[in-house]
Amino acid sequence: MSILFWGLVSGNAVAQPGNLEVRVNSNRDRVAADEELTLREAIAILNGALPLEELSNSEQALVTPANGSRISFNLPPGQTKIELEEELPAIATPGVLLDGTSQAGYDKEKLESSEIPVPVVVITPTPGKQIARGLIIAADNTTVRGLSVYGFSNPSNPLLQSYQDLITPGRVTAKTPPGDIFITHRTPPEIRILRGVPEGDFPFDDDGKYDIPPKNVVIENNYLGSSEVRSAFGVYVFDGIDATIQRNRIAYHSGSAIVTSVRANNLKIQGNVLENNGSGGMPDAIRLEGVVGGTAIADNIIRNNAGSGIYVFKPDGAVEIRNNEITNNGQRYKRAAIFLTGSRHQVTGNRISTQPGPGVAVAVFPDGDRIKITNNQFSNLQGLNIDLVAQQRTGVQDYQSGDGRNPLLGLERVRQYGQLVAGYTGDSFFTRERRRQIANYGVNAPQFASREFYLTPSGTATVLGRAEPGAEIEMYRISENSGGEGVMSVPIGKTTADETGQFRIVLEGVRSGDKLSATATHPEWGTSEDAIAVQLRALPGTSSMGGGR
């Protein structure tokens, strides 16, 4: 990988000030010794790039000792929009709190009630200006809170160039990534530029001194993006460890709301509203690439985005996706609500609905195995609940919406008088090779012993079937939802297949007419596709209501 950035963060050492609170009282964008202290000046002061003695007396009065480094706001009423003339310097001092909640008029009562208040302080480019990034973070323990940031995208002219552009005049390569908030490591000093482009993966410099990713960055309670002037991306975690993105509204971006690139270990994405993103670029609400081990995506509302709600592409490390509401995505592309490559991911407790594709699709390449998909609700999908993609399926469509139901592997269905007969003695060589060509080692969906099962007078139903030996079987009730959400699948019980693959489960609270499906989760291979549905019937002469719901 030979991409990095110039001008984002100075590599030169500067004298760092002690802990200070700097109060911004002007929405201008300039550095001048006058009566006003601007956001640009505040960042420069905390970075140690603007000495206090160069400030006017009025400005010095706005800088006071504090327990930690903090930028607060005291902007005049009606002057709370900061329109930038050029890119701000990166926040390069550890422990800075950029606190938009300090501005008069911010509704802290909503904040305490778990809502996301509309920010008062706005950061956006001056009309007619094209600026790539809003806030750049390159230091540990930085927090950005309670701000509205929008309108940042790459200039149409190739002004921002890569390493090689600086030493090879006339060469134009891809611009550095834009976004409302950009998290990255420091860039090397100028001498490193003159010595040429670093080759291979990180570290990007000789001794690893300058590409240390910032740790423990927190982005919370912000509004990122606007329908008025779209940004390219919301939060771009190019290189950062243990970052937290929580309780933000991230909307109306041409690309993804949240995207990672080089390193994003232990990233926490929780409690956000991600909507209406991806209209003109990378279409997925959350796009994860690079080193992402330990990442957790939890308790978010992800809706009305152009592609997948979550797309994990060739990651290094496993991701946990839990308790999210993922609905009405695929507005521009027919994609799975969640598309996964890689291994050992866990997808649990999510509510996935109204998608022009499957609920969760898993690609076999690269290393699509041991992915567990359990206890999720699915409704109104144009595809399977879970779609395990085969190796031969490598077209664009397969990496967007899967390839449909897989055939059985190894489990031969031998029927006698409508019942399955035991006879499974293990996979053949051909079957083992075929399994390796399908995600999750081609784990078979459960096979029910009959197309219909009968309710007892007490309202229970005993369901029999066959699956991979030792797999956990999760039963789903399939129903038509009266709320207009179409077919809904809700988990209603679990059991385990024995050493021969046989399983039996007694279901309560079911009714005649209910349809059932199931998945199998093998401890070593992962979760299967959903089974072909069967139906419950009342015994002749008994009530069709069963045990109720």
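Residues 3 to 551 (this note's numbering) are what the sequence shown spells out, left to right. Note that CB positions come from ideal geometry on N, CA and C, so glycine has one too. Quantities reported herein were computed from a predicted structural model and do not represent experimental measurements.
The Cβ atoms of G319 and A287 lie no closer than 9 Å to each other.
About 5 Å separates the CB atoms of A392 and I440; that is less than 8 Å, so the two are in contact. Here DSSP, grouped into helix, strand and coil, assigns L57 to coil.
When secondary structure is reduced to three states using DSSP, G495 falls in the strand class. Taking all protein chains in view, the Cβ of N76 is surrounded by fewer than 16 other Cβ atoms within 10 Å, so the residue is classified as exposed. By the Cβ test, the segment 54 to 64 is not in contact with the segment 99 to 111, since fewer than three Cβ pairs between them sit closer than 8 Å.
For R539, the enclosing beta strand (DSSP E) stretches over residues 536 to 540. For D532, the number of other beta carbons within 10 angstroms of its own is at least 16, and it is reported as buried. S71 is bridged by DSSP to V98.
Close CB contacts of S263 within its chain, under the 8 Å cut and outside five residues either way in sequence, are with P179, Y238, V239, F240, D241, E291, G292 (chain order).
Beta bridge pairing from DSSP links E222 with R147, Q248.
Restricting attention to beta strand (DSSP E) runs no shorter than 3 residues, the segment 242 to 308 encloses them at 246 to 248, 251 to 253, 260 to 265, 270 to 272, 275 to 277, 288 to 293, 297 to 300, 303 to 305, ordered along the chain.
Under DSSP, Q379 takes part in a beta bridge, and its partners are R353. When the beta-carbon positions are compared, Y456 and L538 come within less than 9 Å of each other. For S104, the secondary structure class from DSSP, reduced to helix, strand or coil, is helix. Taking C-beta atoms as the reference points, G136 and I183 count as a pair closer than 9 Å. Approximately 5 Å separates the beta-carbon atoms of V220 and T246; this is inside 8 Å, confirming the contact.
Within the segment 18 to 52, complete beta strand (DSSP E) segments of at least 3 residues are found at 22 to 26, given in chain order. Look at G472 here: in three-state DSSP terms it is coil, with no helix or strand label.
Exposed is the label assigned to N59, since fewer than 16 other Cβ atoms lie within 10 Å of its Cβ. The secondary-structure analysis by DSSP pairs Q384 with nothing; it has no beta-bridge partner.
I93 has its alpha-carbon roughly 39 Å from the corresponding atom of A363. Residue pairing by DSSP places K112 in no beta bridge whatsoever.
If you ignore the 5 residues before and after N224, its C-beta comes within less than 6 Å of the C-beta of L149, N250, all in its own chain and listed in chain order. Nearest to P67 by C-alpha distance, out of K83, R25, G80, is R25.
Going by C-alpha positions, A447 is about 56 Å away from P129.
By the beta-carbon neighbour count (other beta carbons within 10 angstroms, threshold 16), D371 is buried.
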